[in-house]
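Written below as structure tokens is the structure these notes are about.
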Amino acid sequence: MQIVKAEFRCSSERISQVPSDSLRDIAFIGRSNVGKSSLINMLTGRNGLAKVSGTPGKTRLINHFRIDDAWYLVDLPGYGYARTSKSQRNEFSKLITDYVLRCEKMHYLFVLVDARLEPQKIDLRFIEMLGMNGIPFGIVFTKADKLSKTQLARNVGRYREVLSEQWEELPPMLVTSSERGTGRDELLEFIGQCLAQG
Ligand SMILES: Nc1nc2c(ncn2[C@@H]2O[C@H](COP(=O)(O)OP(=O)(O)O)[C@@H](O)[C@H]2O)c(=O)[nH]1
Ligand SMILES: [Mg+2]
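So the sequence shown is numbered by the numbering used here: it starts at 568 and just counts up by one.
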């Protein structure tokens, strides 16, 4: 699949504000600073489309980008910066859980994880929540340019290990670098397949 046209559509602070048309969403989520916005720019080939920031925790809105007048790429707020909150229940904001669990537009979700890190508790808990709720998702490793092939294979392997302790079937996993364009074709192909399946 190729992306020809990409345009910012809207920012929503509640799910009642997301576009009301019938186009489906392919959404990106992950910890703040993991590279969600960079990945959206890389996929669309439009560098300034989604705001890339050096400061974590900036996006607290759901951003919809309309792709080829056929579907939306969605940049979700980062999770895991609410470290001050002691309540587990507030770990993922209401906006995130409302969108992921209740928004009918949400067709497929990619959980982004930093390829450099060991599996992180917050990501594992989010993935567990998705699994328990039957939400279709895949894992995208980001910033692959920052490590060697060996380190990359080891970290991806660690993730498989940890997830297979809990799940019989592993989610699809893709490796990317927005810096180098690594994984772009594979991810677009995968999204194309997701959208082709009703
Ligand atoms: N080296 C490298 N840096 C990246 C990559 N993707 C994102 N970054 C950097 O990571 C920081 C956070 O990126 P951003 O896309 O704003 O993350 P977001 O908070 O998840 O949207 C920025 O400084 C980006 O330049 C990547 O693939 N490789
Ligand atoms: Mg962002």
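Each residue gets a CB set at the ideal place from its N, CA and C atoms; glycine is no exception.
Alpha-carbon to alpha-carbon, residue j and residue i
i    : j    : result
E746 : D712 : 7 angstroms
A617 : I570 : 15 angstroms
A637 : R591 : 8 angstroms
L679 : L737 : 15 angstroms
L741 : S583 : 31 angstroms
G765 : G647 : 32 angstroms
P586 : D642 : 14 angstroms
F659 : N700 : 15 angstroms
E671 : L719 : 35 angstroms
R598 : I607 : 15 angstroms
H674 : T717 : 34 angstroms
R576 : N600 : 22 angstroms
L762 : E574 : 19 angstroms
P686 : G602 : 16 angstroms
K572 : R692 : 35 angstroms
I663 : K688 : 17 angstroms
K710 : D588 : 34 angstroms
V729 : M696 : 15 angstroms
G759 : D635 : 12 angstroms
Reduced DSSP category for residue i - H, G, I as helix; E, B as strand; rest coil
i    : result
C577 : strand
G705 : strand
N630 : strand
T743 : coil
D635 : coil
D681 : strand
L640 : strand
L616 : coil
L737 : coil
Unbroken beta strand (DSSP E) run spanning residue i, endpoints
i    : result
R591 : 591-597
Residues near residue i by beta carbon distance below 8 angstroms, same chain, minus five either side
i    : result
W734 : G698
L714 : A682, R683, N722
M609 : T743, S745, G748, R751
P739 : G705, I706, F757
Enclosing alpha helix (DSSP H) for residue i [first to last residue]
i    : result
Y726 : 716-733
Y666 : 661-669
I570 : No alpha helix (DSSP H) contains I570, which DSSP labels as neither H nor E.
S605 : 603-611
K710 : Unbroken run through K710: none, as it is neither H nor E.
G698 : 688-699
E753 : 751-763
Spatial neighbours of residue i in its chain, beta-carbon cut-off 6 angstroms, leaving aside the 5 residues before and after
i    : result
S605 : V619, S745
S578 : L628, N630
V707 : F677, L679, L741, T743
L754 : L741
Y726 : P686
T611 : I570, A573
R581 : none
P703 : Y675
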